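Below is one structure; the comments refer to it alone.
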Amino acid sequence: MHEIRIANDLSEIVLEVASNEKLSVVSRVNITFGEMVQIVPEIFDFAFREAVRGSIASEAVVNFEIIKIKLKCRECGNVFNLNGSRFACQECNSSDLEIIAGKEMFVKSIEGE
Ligand SMILES: [Zn+2]
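In our numbering, the protein residues as written are 887 to 999.
See the structure below:
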């Protein structure tokens, strides 16, 4: 359950940003994940809530944005979204692929006052 470690890391970032922006309460946290990170939103939400317990972000609503896995073929340069579990270029069938999106994991923005 890597959600717990990620929730701890991201909660620290949220509290740091909130402190830099001199917020007294964080109402919403927008988090972006790539599909490859394989976050279970329910578990993340639970772990995040534990991590921010007693802080100014304890009541914050957590919003998720999931970025689809995007691949680039090193053979022909084709860029495509991963379709099912078939890890091969849709144009030339090469499996020499570069992951260009889908590994993201960051706090996109926070809202509060
Ligand atoms: Zn290709």
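We treat Cβ as the ideally placed atom computed from N, Cα and C, and that holds for glycine.
Here the structure is a predicted model, which is why all the values come from computation and not from measurement.
Any non-hydrogen atom of ligand 1 closer than 8 Å to residue i Cβ
i	result
Asn-967	no
Glu-984	no
Unbroken alpha helix (DSSP H) run spanning residue i, endpoints
i	result
Ile-899	889-906
Glu-928	927-937
Rounded C-alpha distance that separates residue i from residue j
i	j	result
Glu-984	Gly-940	42 Å
Glu-907	Val-965	38 Å
Ile-986	Ile-955	8 Å
Ser-944	Arg-935	6 Å
Val-948	Val-900	11 Å
Glu-902	Pro-927	22 Å
For residue i, the residue or residues it bridges with in DSSP
i	result
Met-991	Phe-919
Arg-914	Val-947 and Glu-997
Cβ-Cβ separation, residue j to residue i (assumed contact under 8 Å), whole Å
i	j	result
Glu-889	Ile-925	6 Å
For residue i, the first and last residue of its enclosing beta strand (DSSP E)
i	result
Asn-979	Here Asn-979 belongs to no beta strand (DSSP E), and DSSP marks it neither H nor E.
Lys-956	956-959
Phe-966	965-967
task: Give me every residue whose Cβ sits closer than 6 Å to any heavy atom of ligand 2, in chain order.
output: The model on display carries ligand 1 but not ligand 2.
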